[in-house]
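Student: Those letters in the sequence shown? Residues 1459 to 1602, per our numbering, in order. By construction, the Cβ of each residue, glycine as well, lies at the ideal position given by its N, Cα and C atoms. Since the model is a prediction, treat every value here as computed from it, not as a measurement.
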Amino acid sequence: MKILFLNGPNLNLLGQREPQVYGEATLADIEAMVRKHACDRGATIDFRQTNSEGELVGWIQGARGMFDAIVLNAAAYTHTSVALRDAIAATGVPTIEIHLSNIHAREEFRHTSRIAGVCRGQIAGFGAYSYILGTEAAINITEI
Ligand code: DQA
C-alpha cells in the first residue's frame, strides 16, 4: 500500500520551533522514523512539506488513484482552510488528520478543525508518535 504524508506550514521548522509544544525532533527525523516503520509494515510512503495552501490542495487532488491513503498534518491551515476541506472531499482518498500537539487543550482557535468532518479520523497530542499512529490508522482503514 502507498501512503502520502503531507505537512503544512511551519512544520519545516520542527526542532527549533516551540520545542516545548512540538518536541525536539526535526521533520527529517520524523520522516526517517515513519519511513522505517512503514517499511516494516510493508507500506511505501511519500513524505512532503510545504508552506503553501495551494500546493497542499494540488497534492491532495493528485493523490487520487496514486495513493491508498493520506496522512495530513495541515498545521495552521487545519483551522482556516475550506479549500483543503473541499480538496479532501473531492479527491475521495481516505485521509487521516494528525497533529503533534493536542489542539483541543490549546488556544480556543485551535479547537476547531475545518477538515475533521471530511477526514476518517483525527490523531492529536502524541508528538512525533502521532505520525506512527497515523501510519497504523492508514494501514488499518485500507485493510478493512
Ligand atoms: C499542529 C497544530 C496546529 O494548531 C499548528 O498551527 C501547527 C501544528 C500540530 O501538529 O500540533 O502548526 O498541526
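Since residue 1557 and residue 1531 are thought to touch, with beta carbons under 8 Å apart, how far apart are those beta carbons, to the nearest angstrom?
Tutor: 6 Å
Student: Which residues bound the alpha helix (DSSP H) around residue 1543?
Tutor: 1540–1549
Student: With a threshold of 7 Å (Cβ to nearest heavy atom), would residue 1510 be considered close to the ligand DQA?
Tutor: Residue 1510: no, Cβ never under 7 Å from the ligand DQA.
Student: If you measure from the CB of residue 1495, is any heavy atom of the ligand DQA nearer than 7 Å?
Tutor: no
Student: Do the region 1494–1504 and the region 1566–1580 touch if we need at least three Cβ pairs shorter than 8 Å?
Tutor: no
Student: In whole angstroms, what separates the C-alpha of residue 1542 from that of residue 1514?
Tutor: For the pair residue 1542 and residue 1514, the Cα-to-Cα distance works out to about 7 Å.
Student: Determine the direct distance from the alpha carbon of residue 1522 to that of residue 1594, and round the result to whole angstroms.
Tutor: 20 Å
Student: What residues match up with residue 1529 in a beta bridge as DSSP calls it?
Tutor: Partner(s): 1463 and 1554.
Student: With distances taken from each beta carbon to the nearest heavy atom of the ligand DQA, which residues come in below 6 Å, in chain order?
Tutor: 1468, 1531, 1533, 1534, 1536, 1557, 1558, 1559, 1561 and 1568
Student: Within its chain, find whatever has a CB closer than 8 Å to the CB of residue 1502; leave out the 5 residues flanking it on each side and keep chain order.
Tutor: 1459, 1460, 1461 and 1496
Student: Grouping DSSP H, G and I as helix and E and B as strand, with all else coil, what is residue 1582?
Tutor: strand
Student: Need the endpoints of the beta strand (DSSP E) that residue 1536 sits in, please.
Tutor: Residue 1536: not part of any beta strand (DSSP E); DSSP gives it neither H nor E.
Student: Take residue 1482 and list the residues in its own chain whose beta-carbon comes closer than 7 Å to its own, dropping the five residues that flank it on each side.
Tutor: 1473
Student: Look at the alpha carbon of residue 1535 and the alpha carbon of residue 1498, and state the distance between them as a whole number of angstroms.
Tutor: 31 Å
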